[in-house]
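These notes are about the structure you will find just below.
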Amino acid sequence: MVYVASASRKVAIFGGTGHLGSHITNAFLSPPSGISFALVRLCARGSSPEVDKYKSQGAEIALVDFSKPETVTEALKDIDVVVNAIGSKGAGHESKKVLAKCVAEIGTVKLDFPSEFGIDHRVKDFDHAEWDAKMRAQEALRQATAPHGTKICAVYTSLFLEDSFGPWFGLATKKGQWDVIHNPDARVSFTSLQDVGFALTSLSALPYNQIPEHVRIGGDTVTVREAARIFESFNPGHDINISTIPLEPYKSQLTKGGEGNNEPSGFLRFLMGEGKLDLSDENVRDGGSQNEVVNPGGKLWKWRSVNEYAQNVKGKPWWDV
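All residue numbers for the sequence shown refer to this note's numbering, where the first residue is 184 and numbers rise by one.
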């Protein structure tokens with residue numbers, strides 16, 4: 184891969200102080216070796232200690248008010264790359280709509296990353312309010328920006344490594360009990376929050392015609408059973424028992440409500456068991472992986488693994504939750 188144009192590109196990050204967004208901002212301010220940007224503009228609703236911190240690290244700050252679209256348009260001036268890391272809670276969906284409309288109207292943005300950064304919802308076979316809204320928003324953005332030639336790149340990351348091994352997914356490590364839907368030997372991809380940021384910097388530095396419209400990445404891919412053994416190895420004497428819950432009754436109960444369903448954790452649990460969160464090269468059925476596009480040969484940076492995470496938490500993920 185050749186990152187010939189990155190040093191001249193100007194990037195605007197929206198939602199850049201949130202749970203994922205802060206890692207994205209960090210990555211653009213300190214990208215992998217060989218990648219740099221002419222400008223990193225953090226678009227925030229107001230001042231805060233975190234905004235001030237990023238300003239001291241070199242970010243340009245643009246204050247935006249989504250009830251006043253002209254402030255968003257102003258923040259987009261001279262920008263080549265837009266990263267939308269706005270969350271879905273509260274007014275998030277409305278803010279995303281305003282941003283998409285402004286990107287389409289200004290017509291000068293070359294590359295836009297919509298607010299995806301989760302499952303590849305193209306492979307699901309059920310209705311889900313939040314994910315369906317993302318699909319509709321992405322398609323609307325593609326149509327609205329097509330006349331200007333804006334490249335829309337949706338990045339799917341599967342589960343965030345640091346947020347996945349907790350009771351909300353039935354993985355109660357402190358109790359020594361992991362309850363898994365359907366199949367503990369299905370492969371699941373986990374991507375570190377930091378690695379999501381690095382992947383975006385890498386994609387942002389590629390020639391626009393080499394950037395795919397859909398990018399699936401997985402920092403590490405293991406089975407739930409393999410993950411349990413990894414955590415056990417860093418917490419000797421604390422065994423993890425794995426129980427399996429049948430798929431159909433669990434899935435049917437969750438999906439029968441149609442679009443009114445929104446809480447993701449239960450849906451993610453059965454997607455894990457179905458193997459639909461495997462974003463590795465081996466899962467050709469669902470589209471494989473673009474890891475080599477964003478990090479050829481793992482030479483730009485080292486993907487964070489489940490083993491590394493387990494070692495860092497001493498085999499005790501989310502111990503006190």
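Note that beta-carbon positions come from the ideal geometry of N, C-alpha and C, so glycine has one too.
In this text the structure is predicted, and so the values were computed from the model without any measurement.
Nearest to residue 339 by alpha carbon, out of 262, 372 and 323? Looking up residue 339 in the sequence shown gives position 156. Looking at the Cα atoms, 372 is the closest of the given residues.
Is it a yes or a no for the region 382–400 touching the region 474–485, going by three-plus beta-carbon pairs under 8 Å? yes
Residues sharing a beta bridge with residue 166, DSSP: What is shown of the chain runs 184 to 504, which leaves residue 166 out entirely.
How close, in whole Å, do the beta carbons of residue 270 and residue 198 come, if the pair is a contact with beta carbons under 8 Å? Indexing the sequence shown from 1 puts residue 270 at position 87. Indexing the sequence shown from 1 puts residue 198 at position 15. Yes, residue 270 and residue 198 are in contact; Cβ-Cβ is about 6 Å, under 8 Å.
Within a Cβ cutoff of 7 Å, which residues of the same chain sit near residue 140, ignoring the five residues on either side of it in sequence? No statement about residue 140 is possible, as the shown extent of the chain runs from 184 to 504 and does not include it.
Would you say residue 348 faces chain D, with C-beta separation under 7 Å as the test? No chain D appears in the structure shown, which is made up of a single protein chain.
Measure from the alpha carbon of residue 293 to the alpha carbon of each residue in 223, 334 and 204, then state which is nearest. Reading the sequence shown from its first residue, position 110 is the one you call residue 293. Residue 334 is the option with its Cα nearest to residue 293.
Beta bridge counterpart(s) of residue 373 as assigned by DSSP: For the purposes of this step, residue 373 is taken as the residue at position 190 of the sequence shown. BP columns for residue 373 point to 342 and 403.
Along the chain, where does the alpha helix (DSSP H) containing residue 476 start, and where does it finish? One-based indexing of the sequence shown puts residue 476 at position 293. Here the alpha helix (DSSP H) through residue 476 covers 474–477.
Rounded C-beta distance between residue 194 and residue 223? I'm assuming under 8 Å. As a working note, residue 194 is residue 11 in the sequence shown. As a working note, residue 223 is residue 40 in the sequence shown. Contact flag correct, Cβ pair sits at about 5 Å.
Which of the three DSSP states is assigned to residue 225 in this structure? As a first step, residue 225 must be located in the sequence shown, where it is residue number 42. Residue state, collapsed to three classes: strand.
Taking all protein chains shown into account, decide if residue 298 is buried (16 or more other Cβ within 10 angstroms of its Cβ) or exposed. Taking the sequence shown and counting its residues from 1, one reaches residue 298 at position 115. Buried, because 16 or more other Cβ atoms sit within 10 Å of the Cβ of residue 298.
Can you name the residues that DSSP bridges to residue 355? Within the sequence shown, residue 355 is the residue found at index 172, counting from 1. In the DSSP output, where bridge partners are listed per residue, residue 355 has 360.
Can you grab the Cα-Cα spacing for the pair residue 394 / residue 504, in whole Å? One-based indexing of the sequence shown puts residue 394 at position 211. One-based indexing of the sequence shown puts residue 504 at position 321. So the two alpha carbons sit approximately 40 Å from each other.
What beta strand (DSSP E) runs, 3 residues minimum, are completely inside the region 239–293? 243–246 and 264–267
Could you have a look at residue 348 and say whether DSSP puts it in helix, strand or coil? In the sequence shown, counting from the first residue as 1, residue 348 sits at position 165. Coil, per DSSP.
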